[in-house]
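> Before I ask anything, let me first share the structure, which is written out below as structure tokens.
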Amino acid sequence: METPSRAQGSDNELDAKEWVEKDRRFLWHHMQPYAASQNPMVVTHGEGAVITDLDGNRYVDAMSGLWCVNLGYSEKELADAAYEQMRQMPFYPLSQSHLPAIQLAEKLSEWLQGDYRVFFSNSGSEANETAFKMARQYHIQNGEPSRWKVISRYRAYHGNSGAALAATGQAQRKIKYEPLSPGFVHVAPPYCYRCPFGQTYGSCHTECASVYDQVINWEGPETVAAVIMEPVITGGGVIVPPPEYMKQVREICDKYGVLLIVDEVICGFGRSGQQFGHQNFGVTPDIVTMAKGITSGYLPLSATAVRAELFDSFTEPEPYAHFRHVNTFGGNPTSCALAVRTLELMEKRSLVARSRELGRQLEQLLLPLQDHPNVGDVRVFGLLAGIELVVDKQSKTPVSPGFIGEVIASCKRKGVLVGKNGDTVPEFNNVLTLSPPFIISDEELQFIVQTVIGALDETSAIHHQKPETEGMASS
Ligand SMILES: Cc1ncc(COP(=O)(O)O)c(C=O)c1O
7 METPSRAQGS
17 DNELDAKEWV
27 EKDRRFLWHH
37 MQPYAASQNP
47 MVVTHGEGAV
57 ITDLDGNRYV
67 DAMSGLWCVN
77 LGYSEKELAD
87 AAYEQMRQMP
97 FYPLSQSHLP
107 AIQLAEKLSE
117 WLQGDYRVFF
127 SNSGSEANET
137 AFKMARQYHI
147 QNGEPSRWKV
157 ISRYRAYHGN
167 SGAALAATGQ
177 AQRKIKYEPL
187 SPGFVHVAPP
197 YCYRCPFGQT
207 YGSCHTECAS
217 VYDQVINWEG
227 PETVAAVIME
237 PVITGGGVIV
247 PPPEYMKQVR
257 EICDKYGVLL
267 IVDEVICGFG
277 RSGQQFGHQN
287 FGVTPDIVTM
297 AKGITSGYLP
307 LSATAVRAEL
317 FDSFTEPEPY
327 AHFRHVNTFG
337 GNPTSCALAV
347 RTLELMEKRS
357 LVARSRELGR
367 QLEQLLLPLQ
377 DHPNVGDVRV
387 FGLLAGIELV
397 VDKQSKTPVS
407 PGFIGEVIAS
417 CKRKGVLVGK
427 NGDTVPEFNN
437 VLTLSPPFII
447 SDEELQFIVQ
457 TVIGALDETS
467 AIHHQKPETE
477 GMASS
């Protein structure tokens with residue numbers, strides 16, 4: 007493929023400086039420490055899987071923005087769908103109804119292969135907040151008012167708002183923001199590479215799953231409303247469970263009358279190689295939350311889908327039986343129309359199958375990394391990959407933030423944007439992440455992997471000469 011490259015000089019040089027000055031003065035960046043946010047990459051264009059910044063530098067985006075631009079950056083049909091809907095009817099709240107929301111809710115039920123009711127919001131965090139409220143209210147209306155606790159997993163991310171952040175199992179996202187919503191209990195993740203139970207897969211009886219039985223009993227089954235989990239922990243380091251794990255957790259939930267909420271914010275919409283991540287594991291969730299890929303990231307939208315049977319308990323003719331939850335922008339007609347078009351295009355172009363095929367290619371391409379001295383584990387699930395970097399294979403000590411920062415910076419210099427699990431749990435932000443768009447070419451995918459391997463070799467060589475403790479500039 008034609009290698010994305012730095013433009014030789016830029017037509018925009020003066021403009022670019024001015025924009026950055028304004029950025030420094032007015033904009034507060036997400037996540038970035040202050041110093042890093044002083045030199046933002048100001049992105050101006052996108053074409054397929056490639057983005058261009060103000061200086062004319064072009065990069066293959068191996069992260070689909072923030073795990074979401076699955077159809078790439080230049081899908082005209084999505085822009086057209088939004089434009090047409092905006093011209094026809096730009097806003098109406100969902101206390102009443104509109105056609106794009108009806109169409110989308112029906113399509114989501116089809117993709118979920120079940121009978122679901124859909125509630126729309128704007129973001130993944132809100133979709134999860136909505137799910138927690140629904141779960142608690144459901145139990146009260148189902149005659150079990152003491153069920154209010156939610157069990158989630160360490161290492162997983164579920165959002166930035168009060169309850170979604172409480173469900174999140176990443177201490178570094180919570181520092182200085184606690185106390186958060188009460189009632190969230192965490193269990194260890196199914197993490198075979200560093201098994202929290204000290205076991206080895208194959209002879210372990212999946213204690214990572216049976217621990218739910220224990221914890222539900224310790225908490226008191228009559229107090230537990232729901233379990234929330236992603237099919238695969240994504241932003242927390244692409245932690246892929248054993249194949250039987252999710253089914254076992256589903257069975258434990260059923261045994262104790264606990265609802266299973268599946269957070270498909272990243273795994274959904276083809277990212278896992280199936281329409282939804284949980285479909286890889288043969289389970290039926292009670293509640294499914296989704297966002298990101300629902301619009302391929304083009305507009306904000308999220309959804310909380312609830313099994314129809316659960317919804318029935320919200321239809322009782324009692325005061326406060328209905329779900330008293332409103333969201334001004336949630337299910338905006340333009341977002342819904344764009345989402346419908348996203349799903350139609352995915353169907354027409356068989357993009358779920360393409361994601362699956364690309365995932366297989368990615369797995370093959372990453373094979374040589376198994377032998378790299380600084381690679382402890384390579385985990386691929388659908389079109390998602392996590393490459394866990396270690397100082398050496400024996401000790402499994404995570405590489406320093408400087409090391410992984412330098413790998414990411416080197417990839418960027420070579421024209422590829424990759425991610426990592428950032429600010430999750432202390433000392434374990436050592437997983438490089440890849441989540442490329444489904445429309446990426448085979449050649450672009452190869453280029454990503456070659457670049458990552460080259461960057462790793464380069465960084466390893468430098469660190470071999472320099473002791474770890476000297477550190478390196480973080481990107
Ligand atoms: C698994 C998961 N759930 C929830 C969220 C929160 O979504 P949002 O950022 O749209 O609020 C995210 C965001 O990255 C996520 O990865």
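In the working numbering, the protein residues as written are 7 to 481.
Think of the CB as a built atom: it goes at the ideal place given N, C-alpha and C, for glycine as much as any other residue.
Buried or exposed: which applies to D269, given that a residue is buried once 16 or more other Cβ atoms fall within 10 Å of its Cβ?
Buried, by the Cβ-count rule.
> Where do the N-terminal and C-terminal ends of the beta strand (DSSP E) with T50 fall, by residue?
Run containing T50: 49–53, per the beta strand (DSSP E) assignment.
> Output the distance between the C-alpha atoms of Q376 and N76, rounded to the nearest integer angstrom.
Distance between the alpha carbons of Q376 and N76 is about 27 Å.
> So, are the CB atoms of S158 and G175 less than 8 Å apart?
A contact, by the Cβ cut-off of 8 Å.
> If distances are taken between C-alpha atoms only, which option among L265, S209, V458 comes closest to L371?
Considering only alpha carbons, the answer is V458.
> Following the continuous beta strand (DSSP E) through R179, name the residue where it begins and the one where it ends.
Per DSSP, R179 belongs to no beta strand (DSSP E) and is neither H nor E.
> For P235, which residues does DSSP report across the bridge?
Rather than Pro, the amino acid found at residue 235 in this sequence is Met. Paired residues: V268.
> Tell me whether G530, by its Cβ, gets closer than 7 Å to a heavy atom of ligand 1.
Past the boundaries of the shown model lies residue 530; the chain is included only from 7 to 481, so the question cannot be answered.
> Can you find the residues in the same chain that come closer than 7 Å, C-beta to C-beta, to G15, ignoring five residues on each side of it along the sequence?
Any reading at G15 must be qualified, since the residue scores a pLDDT of 46, below 50, and its modelled position is unreliable; the value itself is stated next. Here the set comprises nothing.
> May I ask you to report which of helix, strand or coil DSSP gives I459?
Correct three-state label for I459: helix.
> Bridge partners for L404 per DSSP, in chain order?
One detail in the question is off: residue 404 reads as Pro in this sequence, not Leu. V396.
> Spatial neighbours of I57 within its chain, please: C-beta separation below 8 Å, excluding the five flanking residues on both sides.
If we look at I57 and ignore the five residues flanking it on each side, its Cβ neighbours are V49, H51, R64, Y65, D67, Y79, L423.
> Give, in chain order, every unbroken run of the beta strand (DSSP E) that is at least 3 residues long and sits entirely within the stretch 95–134.
For the stretch 95–134, whole beta strand (DSSP E) runs of length 3 or above, ordered along the chain, are 122–127.
> So, helix, strand or coil for G242, using DSSP?
If DSSP states are grouped into helix, strand and coil, G242 belongs with coil.
> What residues in its chain sit with their C-beta under 6 Å from that of T206, if we drop five residues either side in the sequence?
Around T206: no qualifying Cβ.
> For the putative contact between N436 and E394, defined by C-beta atoms under 8 Å, what is the C-beta separation to the nearest angstrom?
Confirmed, about 6 Å.
> Please indicate yes or no: does the CB of N286 lie closer than 7 Å to some heavy atom of ligand 1?
False, no ligand heavy atom lies under 7 Å from that Cβ.
> I need the DSSP call for A311, collapsed to helix, strand or coil.
Three-state result, A311: strand.
> Taking just the CA atoms, how far does S127 sit from G274?
When rounded, the distance between both Cα atoms is 16 Å.
> Is Y163 near ligand 1, judged by its Cβ being under 7 Å from some heavy atom?
Correct: Y163 has its Cβ closer than 7 Å to ligand 1.
> Is the stretch 211–230 close to the stretch 252–266, with three or more CB pairs under 8 Å?
At 8 Å Cβ cutoff, the stretches touch.
> Using 8 Å as the threshold, is the stretch 400–416 in touch with the stretch 310–329, meaning 3 or more CB pairs across them?
Because the criterion of three Cβ pairs below 8 Å is not met, the stretch 400–416 and the stretch 310–329 do not touch.
> Between the Cα of V217 and those of C342, P185, H192, spot the shortest distance and give me the residue it belongs to.
The option with the nearest alpha carbon to V217 is H192.
> Should D269 be listed as close to ligand 1, given that the test is whether its C-beta is under 7 Å from any heavy atom?
Answer for D269: yes, Cβ within range of ligand 1.
> At 3 residues or longer, what runs of the beta strand (DSSP E) sit wholly inside the stretch 176–230?
Qualifying beta strand (DSSP E) stretches, in chain order: 190–193.
> Classify V332 as buried or exposed, calling it buried when 16 or more other Cβ atoms lie within 10 Å of its own Cβ.
That one is exposed.
> Per DSSP, which residues does V422 bridge with? Please list them.
DSSP, once it has assigned bridges, lists V66 as partnering V422.
> Please check the pair R161 and I245, which I expect to be a contact at CB under 8 Å, by giving their CB distance rounded to whole angstroms.
Yes, R161 and I245 are in contact; Cβ-Cβ is about 6 Å, under 8 Å.
> Taking the alpha-carbon positions, what's the S480 to F329 distance?
Low confidence applies to S480: its pLDDT is 31, below 50, so where it sits in the model is not reliable, and the reading given next is rough at best. Between S480 and F329, the C-alpha separation is close to 46 Å.
> If we require 3 or more residues per run, which beta strand (DSSP E) segments fall completely within the stretch 307–394?
Complete beta strand (DSSP E) runs here, min 3: 308–313, 381–387.
> When the Cα atoms are used, what is the spatial distance from A215 to A309?
Using only the alpha carbons, I get a separation of about 27 Å.
> Using 10 angstroms around the beta-carbon of R366, count the other beta-carbons present and answer buried if the total reaches 16, otherwise exposed.
Exposed: under 16 other Cβ atoms inside 10 Å.
> Could you have a look at V431 and say whether DSSP puts it in helix, strand or coil?
Coil, per DSSP.
> Rounded to the nearest angstrom, what separates R285 and H470 at their Cα positions?
Here the sequence assigns Gln to residue 285, which means Arg is not the residue at that position. Roughly 44 Å between the two C-alpha positions.
> S167 to E132, Cα distance in whole Å?
Rounded to whole angstroms, S167 to E132 spans 8 Å at the Cα level.
> For the stretch 289–305 and the stretch 384–391, state whether three or more C-beta atom pairs, one from each stretch, are separated by less than 8 Å.
Touching, no, given that fewer than three Cβ pairs across the two stretches are closer than 8 Å.
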